[in-house]
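Below: the structure, in structure tokens.
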Amino acid sequence: IFTFFMLMLVTGDNFIQLFLGWEGVGLASYLLINFWFTRLQANKAAIKAMLVNRVGDFGLALGIMSCFTIFQTVDFSTIFACASAFSEPHHYFIFCNMRFHAITVICILLSIGAVGKSAQIGLHTWLPDAMEGFPTPVSASIHAATMVTAGVFMIVRCSPLFEYSPIALIVITFIGAMTSFFAATTGILQNDLKRVIAYSTCSQLGYMIFACGISNYSVSVFHLMNHAFFKALPFLSAGSVIHAMSDEQDMRKMGGLASLLPFTYAMMLIGSLSLIGFPFCTGFYSKDVILELAYTKYTISGNFAFWLGSVSVFFTSYYSFRLLLLTFLAPTNSFKRDILRCHDAPIL
-16 IFTFFMLMLV TGDNFIQLFL GWEGVGLASY LLINFWFTRL QANKAAIKAM LVNRVGDFGL
44 ALGIMSCFTI FQTVDFSTIF ACASAFSEPH HYFIFCNMRF HAITVICILL SIGAVGKSAQ
104 IGLHTWLPDA MEGFPTPVSA SIHAATMVTA GVFMIVRCSP LFEYSPIALI VITFIGAMTS
164 FFAATTGILQ NDLKRVIAYS TCSQLGYMIF ACGISNYSVS VFHLMNHAFF KALPFLSAGS
224 VIHAMSDEQD MRKMGGLASL LPFTYAMMLI GSLSLIGFPF CTGFYSKDVI LELAYTKYTI
284 SGNFAFWLGS VSVFFTSYYS FRLLLLTFLA PTNSFKRDIL RCHDAPIL
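-16 is the number of the first residue of the sequence shown in the numbering used here; add one for each residue after it.
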């Protein structure tokens, strides 16, 4: 069901199909977070995800309605063809007796939808909690890689509209840059293995959003594709570690697992190196280009994004190596029974 709605969202040529896919993905996400329905924490996380996503969905719905009000259609190709004609100042919405440029209003509302779905700053709280209820393989293959990038995809899909609204571009640049910095600094302080990876997802989504804000949508999609691969690796490795440690998720209670889980350690190391942008890994190519483009923008928002993005790279390296150190390399802190039972998952 999740995959069906995701395909529906991606293949839609109008806002209605995109919105149906969007809502379907949100529903499937709610059901998946509540998979272990006997856990109270999973129930709470599912309700929280549903409610926080409603804020973003409300923004998207208002954006689509505004689009229909101005363009009299919800078809992408027609809207993009007419966008230049409607970008003039005499097309506006009146709210509280004030005039607001129509396309700017539409873009801001659409970006609120993206902020909700892509767990950007302010509406980010559902993503780390969502890790509580998720079966790890699902959170790796579908949730971390696919669903949370729907917001980024939607901004890229509506890029011809955003290009006619410099204010909306500046807003999403600031939101993306602040998210990448905030999520990276929060990730440093987490002790739960899956929450660290969840905050790192949040941080990388910030990079994608601010890449859209500096009008480099292709680079944003490039990072999105790379991120889908190199984020699935740490998630699956984390699942392997948690399974081997009898469902223990606290990194402080692990340690010394490199010799017991050599394959998992190797995979986690590769994923972490790509995440921090180590040379010749996939993450290096996309993340480096995003920062380079932000640097060459020579605007206040571009400089802001570049500096916060650069500082976030340092914090990303810190929490990635902290995760590796506490889980695999530090002296062991776990129970003897867990260590004796600990082994790599079989190939088949």
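Backbone N, C-alpha and C define an ideal beta-carbon position, used for all residues, glycine too.
Keep in mind the model is a prediction, meaning the values are calculated, not measured.
Can you list, in chain order, the residues of its chain whose CB lies under 6 Å from that of Ile225, leaving out five sequence neighbours each side?
Gln232
CA-CA distance, Cys264 and Phe(-12)?
Going by the C-alpha atoms only, they are around 31 Å apart.
Taking DSSP as the reference, what is the three-state secondary structure of Asp58?
In the structure shown, Asp58 sits in a strand (DSSP, three-state: E or B).
Does DSSP put His84 in a helix, in a strand, or in coil?
His84 carries a strand assignment under DSSP once its states are collapsed to helix, strand and coil.
From Ile153 to Ile77, what distance separates their C-alpha atoms?
22 Å
For Asp40, which three-state DSSP category applies?
Shown here, Asp40 sits in a helix according to DSSP, grouped into three states.
Tell me whether the beta-carbon of Ala166 lies closer than 9 Å to the beta-carbon of His107.
yes
Which class does Ile77 belong to by DSSP, given the choice of helix, strand or coil?
strand
Given this structure, state the Cα-to-Cα distance separating Lys27 from Ser284, to the nearest angstrom.
37 Å
Considering only the alpha carbon of each residue, which of Pro217, Tyr301, Arg140 and Ser101 lies closest to Phe246?
Pro217
Where does Asp230 sit, in a helix, a strand or coil, going by DSSP?
Asp230 carries a coil assignment under DSSP once its states are collapsed to helix, strand and coil.
Please say whether Gly(-5) and Gly332 have beta carbons closer to each other than 9 Å?
The requested residue 332 is not part of the displayed model; the chain covers only -16 to 331.
Ordered along the chain, which non-local residues of its own chain (more than five positions away) have a Cβ less than 6 Å from that of Thr162?
Gln103, Ile104 and Gly189
Is Asn286 helix, strand or coil when you go by DSSP?
Asn286 falls in the helix class under three-state DSSP.
Which one or two residues does DSSP pair with Asp175 in a beta bridge?
Asp233
Quick check on the burial criterion: 16 or more other C-beta atoms within 10 angstroms. Buried or exposed for Phe297?
That one is exposed.
Can you say whether Thr21 is buried or exposed, counting buried as having 16 or more other CB atoms within 10 angstroms of its CB?
exposed
With DSSP as the reference, please indicate the residues paired to Asn(-3) in a beta bridge.
In the DSSP output, where bridge partners are listed per residue, Asn(-3) has Asp58.
What did DSSP end up calling Met33 once you bin it into helix, strand or coil?
helix
So what does DSSP say about Asn26, is it helix, strand or coil?
helix
Below 8 Å, how does it come out for the stretch 251 to 271 and the stretch 295 to 314: are there three or more Cβ pairs, yes or no?
yes
Please confirm whether Ile(-1) and Val57 have their CB atoms less than 9 Å apart.
yes
Which of the three DSSP states is assigned to Glu71 in this structure?
coil
At what residues does the alpha helix (DSSP H) containing Val131 begin and finish?
Per DSSP, Val131 belongs to no alpha helix (DSSP H) and is neither H nor E.
Report, in whole angstroms, the separation of the C-beta atoms of Ser49 and Leu(-8), which I expect to be a contact under 8 Å.
In fact, because the Cβ distance is near 20 Å, the residues do not count as touching under 8 Å.
If you count every other CB in all the chains shown that lies within 10 Å of the CB of His326, and 16 or more means buried, which is it?
exposed
Considering Cα atoms alone, identify which of Ile180, Arg235, Met191 and Lys236 is closest to Phe214.
The sequence shown places Lys at residue 214, not Phe. With distances taken between Cα atoms, Lys214 lies closest to Ile180.
Under 9 Å between the Cβ atoms of Phe69 and Ala85?
Closer than 9 Å, so yes.
Within 10 angstroms of its Cβ, does Asn199 collect 16 or more other Cβ (buried), or is it exposed?
buried
Do you know how far the Cα of Ser67 is from the Cα of Leu144?
9 Å
Here's a check: name, in chain order, each residue in its chain whose Cβ is nearer than 7 Å to the Cβ of Arg82, leaving out the five neighbours to either side.
Tyr75
Could you name the residues of the same chain whose beta carbon sits closer than 8 Å to that of Tyr302, not counting the 5 residues immediately before and after it, in chain order?
Ala167, Gly170, Ile171, Gln173, Val179, Tyr182 and Ser183
Taking 9 Å as the cut-off, decide whether the C-beta atoms of Met191 and Thr132 are in contact.
Contact: yes.
Can you list the alpha helix (DSSP H) stretches of 4 or more residues lying completely in the stretch 252 to 288, in chain order?
265 to 278
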